Structure formats: C-alpha cells, structure tokens
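Heads up, the thing below is written out as structure tokens.
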Amino acid sequence: MFHVGGARSALYNWAVARQSGGTFVLRIEDTDAARNKPEWIDGIVNALAAIGIHGEDAAFEGPYFQSHNADRHREAAQQLFAAGRAYYCDCTREQLKERTGSDHLGYDGFCRERGLAFEEGRALRFRTPDEGETVVVDLVRGEPAFPNSAIEDFVIARGDGSPVFLIANVVDDLDEGITQVIRGEEHLSNTPKQQLLWEALGARPPEWAHLPVIVNEKRQKLSKRRDKVALEDYLAEGFLPEAMVNYLMLLGWGPGDDREIMPYEELEQLFRIEDVNTAPAFFDVKKLTAFNGDYIRALSPEQFANACAPWLVTPYAPWAPEAFDKDLFEVAAPLAQTRLALLSEITGYVDFLFLDAPAWDEASWNKAMKAGAGDILSDARAQLATVPDWKADDLKAVLLVVGEQHGLKLGKAQAPVRVAVTGRTIGLPLFESMELLGRDRVLARLDAAAKKLAAAQA
Numbered sequence: 226m227f228h229v230g231g232a233r234s235a236l237y238n239w240a241v242a243r244q245s246g247g248t249f250v251l252r253i254e255d256t257d258a259a260r261n262k263p264e265w266i267d268g269i270v271n272a273l274a275a276i277g278i279h280g281e282d283a284a285f286e287g288p289y290f291q292s293h294n295a296d297r298h299r300e301a302a303q304q305l306f307a308a309g310r311a312y313y314c315d316c317t318r319e320q321l322k323e324r325t326g327s328d329h330l331g332y333d334g335f336c337r338e339r340g341l342a343f344e345e346g347r348a349l350r351f352r353t354p355d356e357g358e359t360v361v362v363d364l365v366r367g368e369p370a371f372p373n374s375a376i377e378d379f380v381i382a383r384g385d386g387s388p389v390f391l392i393a394n395v396v397d398d399l400d401e402g403i404t405q406v407i408r409g410e411e412h413l414s415n416t417p418k419q420q421l422l423w424e425a426l427g428a429r430p431p432e433w434a435h436l437p438v439i440v441n442e443k444r445q446k447l448s449k450r451r452d453k454v455a456l457e458d459y460l461a462e463g464f465l466p467e468a469m470v471n472y473l474m475l476l477g478w479g480p481g482d483d484r485e486i487m488p489y490e491e492l493e494q495l496f497r498i499e500d501v502n503t504a505p506a507f508f509d510v511k512k513l514t515a516f517n518g519d520y521i522r523a524l525s526p527e528q529f530a531n532a533c534a535p536w537l538v539t540p541y542a543p544w545a546p547e548a549f550d551k552d553l554f555e556v557a558a559p560l561a562q563t564r565l566a567l568l569s570e571i572t573g574y575v576d577f578l579f580l581d582a583p584a585w586d587e588a589s590w591n592k593a594m595k596a597g598a599g600d601i602l603s604d605a606r607a608q609l610a611t612v613p614d615w616k617a618d619d620l621k622a623v624l625l626v627v628g629e630q631h632g633l634k635l636g637k638a639q640a641p642v643r644v645a646v647t648g649r650t651i652g653l654p655l656f657e658s659m660e661l662l663g664r665d666r667v668l669a670r671l672d673a674a675a676k677k678l679a680a681a682q683a
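Per our numbering, the sequence shown starts with residue 226, numbered consecutively.
And the structure:
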C-alpha cells in the first residue's frame, strides 16, 4: 500500500519538477522478490494518479523497473573493483565478532589488502576513505558532515555477485539523469555512502533533500503496524484526493500568511524545498478531516453527487439497488453536503429515504423514546395527517404546536419523531426529510414506532 509519507515525498518531488520544467521519475525498486507483486505496482501507479501525478502529464516519466537494469549494476560494481575502489571479502559475521568482541561493531576492514578474487560466497565491499569527512549538501538540512572513519567498508555486491540496493540506486540515478533526490529523513544515513559511490563512479552527486519524519499524536513515527498509513485507505474512507493533497503538502512546509486551504496549483507555485522544516510533522487526522469537510462543502451539487456515488451502491448501501431513486438523492444531497466530514458518511444520512423501514439505531431510540414519547408520536401523527400541503414549513408548524401542548420546545418535541422517521437522532433537517419521504411513508413510520414503543412498555 502507498504510505502517506511516500505520497508527501511524491508531491514535493512533483512540485519541484513542474516548477523547474523538469521531470518526475517514477522508479519501481523491485529487486526484492518477496516485496514485489504486480498488484502492488498497480496500486502505486493508481495512488499517484489519484493525487494528480500521472503519465498524461509531460512532467511524468516512468515507471522504470530497477530489475531491468541489473546488468548495469553488476558492471558498475566490477568497475569499482577494477579501479581498486572495492575488494572481495570472505569474512563471516562470526569471524567479525571473534575479532571485535561485539555483535554491533561495523566491519573492520580485515580483507582490504588480501587481494581476493571473486569466488562464490565472497561479498564485494566498497573501500571507504580512512580520513576526512563526507559532507552532504542538503537543501533542507544544510551541510551535515559524516566522518569517513565512522563509515564501514559496506557491501555493494552479495556473495552470489548480485549488487545490493545502495549501488543499484546510484547506478539507476546516473542512468536516468537524476539531478535532485527528495526523500524521507530515514534515508539520510545512506546518503554519505551513496555520495561516495557517485564520486567513485566519476559523477557529480545530485542535490539532496531529506524531509522531516511524519509522526502520530504520540509523536511516534507513523508505522503501518500501528497506524493507518495507506493513502488508499484514506481515499476509501471518503477523503477527497484534493483535500489529501492540500494537507500532505503542509506536512513540513507552509505557504505563510496563515493560509492553509488552497488548491494544489497555488501550493505548487508557492512551494520552496529550501523552506521545508526539519522538525517532525504531526499527521493530525482531526485536522485532515476538517480540511476534507471544507473541500466537500466547496463542491458543486453535481460534483458532490458524483463524489458520493461509490457509497450509494453495494457493499456500502444497505438498501436494495432497485430502491435507490437518483432524482430523490439529488434533492437530498445538498442537505447532506453541509454536514459531511467524510464522503462515506453519506450512506447513513440518506439510507432512510431508500429503506422500506428506518434502521432504528438502538442508542438513538433509547435516548429519544423516553416517558411521554408515545403521546408525542400519537399527537404528531394525528395532526400531520391533516396537513393539506406537505411542505417542510407546514410540518414544522405542526410540531411546534405539538410541543407547546406537551410543554416542550421544538427540539425536545421533534426528537422522537426524528428517530421514528429516520432511525437516528442526528441527520438531515427533519422537516425537509419528512417532505422528501412523503405523507404516507412518514405516517406509516410514526405508526410503526408507536407500536414498537407500546409493545416495549406493555
């Protein structure tokens, strides 16, 4: 699944590419067979498309597949060996532990001067400089320096000759003309090694930018094992892609002037990678949900109805397909639009219109159907039956009178009627809902609720 952190990184890359007239390159690093499935690749491509990053735009290139470049990875590893920048090593972890007395110390360079040739089981290690430091010029973090003495002679090809990710990544960047690498903070520790490889292969390293880690409300790094992190899950829950894009762009950066809600095109023009913060960015689901509500309310009626469409059919809709009335929904939709925070909530707001009987929510029933509720239902039913023009204002006037007869304000008087008619204490405006349902259905529901209440009190 496509991590929201990956989506944030992708959006920052996309903004920089489009600002500079450059190209966003999608590369699938698929050399780990256990983590490589066609449906996951499709998921990445589709998730990117959902947030506006796709092959129909001239700024998009790919996807490329790392596995297709395996020969070049091997060639580069041998180039480094031939130049004396890498050497073969047959040390085992047990031997290293015997020499160092520790399970945690890095490789000690034992095979550096042994002059070993390739044999099955011998790893190829990069010879890091003994002195000096590797300075990473980072557009976000300045110029962090890494002492070369602290960088072990790291493996670039396994005992079977297959190159590891570090060199494969560098070679792919070289071959694809990558000039900027914008990625998560967790990759910063790899960067000095990759930079040494770039230089050893006779190339100028790209510009680096390492983005702040994204954390949950406990300030722990977002984890797929603990947190909801997949972009697809948020979209499936009813977050609009435009709201997700807006929110993700603000995780570590802001446009200034206390402005937050704005379209991506505006954010793209204002974005500067140099202005990204280094502090961890809090993924605030409540704030994201508020963003989403703002975006939902900004939709045109037609856009809103279209956006709700996935939640009006199986498996989300509890009504029979033939019971759905598109025209009725389009009348009800504006009443719901101002109330939704998530598109998936639409089902619960309109289900009473398309069910033969309301799905009475137990908590709502218990809250509304208290002492005196039966009399309110009976009186309301009798007076509503005589309303000549079944319109929301007339229905409201009836409930006002019923409330006065029972010494109740409208809010208290309408509570049992609302639950009887819609099944819940919270929903669309009651009198507009009753108008949409029609006289016969409303009266039948009031009768059914009164019967249930009487049976419970008997």
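Yeah, the Cβ is synthetic: ideal placement off N, Cα and C, and Gly gets one too.
Bear in mind that the values here come from a model prediction, so they are computed numbers and not experimental data.
Which one of the options has the shortest CA to CA distance from residue i?
i           : options               : result
residue 257 : 393, 468 and 516      : 393
residue 273 : 251, 617 and 255      : 251
residue 268 : 455, 519, 609 and 589 : 455
residue 246 : 477, 282 and 229      : 282
residue 348 : 359, 382 and 324      : 382
residue 291 : 242, 305, 253 and 572 : 253
residue 495 : 237, 228 and 227      : 237
residue 443 : 229, 428 and 510      : 510
residue 318 : 327, 626, 310 and 312 : 327
residue 562 : 386, 654 and 350      : 654
residue 523 : 380, 566, 441 and 506 : 566
residue 255 : 623, 665, 586 and 294 : 294
residue 688 : 635, 417 and 301      : This structure cannot speak to residue 688, because the chain is shown only from 226 to 683.
residue 434 : 287, 260 and 500      : 500
residue 521 : 243, 464 and 430      : 464
residue 232 : 242, 440, 288 and 278 : 278
residue 430 : 469, 399 and 459      : 399
residue 336 : 380, 370, 271 and 304 : 380
residue 667 : 652, 645 and 576      : 645
residue 339 : 585, 506 and 316      : 316
Using three-state DSSP, classify residue i as helix, strand or coil.
i           : result
residue 682 : helix
residue 455 : strand
residue 388 : strand
residue 640 : helix
residue 319 : helix
residue 536 : helix
residue 293 : helix
residue 433 : strand
residue 521 : helix
residue 613 : coil
residue 252 : strand
residue 407 : strand
residue 664 : helix
residue 335 : coil
residue 582 : coil
residue 671 : helix
residue 357 : coil
residue 550 : coil
Report the CB separation of residue i from residue j in whole angstroms; it is logged as a contact under 8 angstroms.
i           : j           : result
residue 493 : residue 240 : 5 angstroms
residue 377 : residue 331 : 3 angstroms
residue 650 : residue 593 : 6 angstroms
residue 437 : residue 410 : 6 angstroms
residue 312 : residue 366 : Contact flag wrong, Cβ pair sits at about 32 angstroms.
residue 230 : residue 439 : 5 angstroms
residue 432 : residue 404 : 7 angstroms
residue 469 : residue 459 : 6 angstroms
With 16 as the cutoff for other CB atoms within 10 Å, does residue i come out buried or exposed?
i           : result
residue 471 : buried
residue 581 : exposed
residue 539 : exposed
residue 611 : exposed
residue 374 : exposed
residue 525 : exposed
residue 588 : exposed
residue 276 : buried
residue 445 : exposed
residue 484 : exposed
residue 601 : buried
residue 298 : buried
residue 487 : exposed
residue 583 : buried
residue 641 : buried
residue 341 : exposed
Meets three-Cβ-pair contact criterion under 8 angstroms: the segment 622-637 and the segment 594-612: In short, these stretches touch, since the Cβ pair count reaches three.
Stretch pair the segment 508-517 + the segment 547-554: three plus CB contacts closer than 8 angstroms: no
Cβ pair count under 8 angstroms reaching 3, the segment 444-452 against the segment 480-494: no
Cβ contact check for the segment 412-421 and the segment 352-366: 3 or more pairs under 8 angstroms: yes
Validate contact between the segment 529-536 and the segment 562-574 using beta carbons, cut 8 angstroms, 3 pairs: yes
Segment contact flag, the segment 612-629 with the segment 657-676, C-beta cutoff 8 angstroms, min 3 pairs: yes
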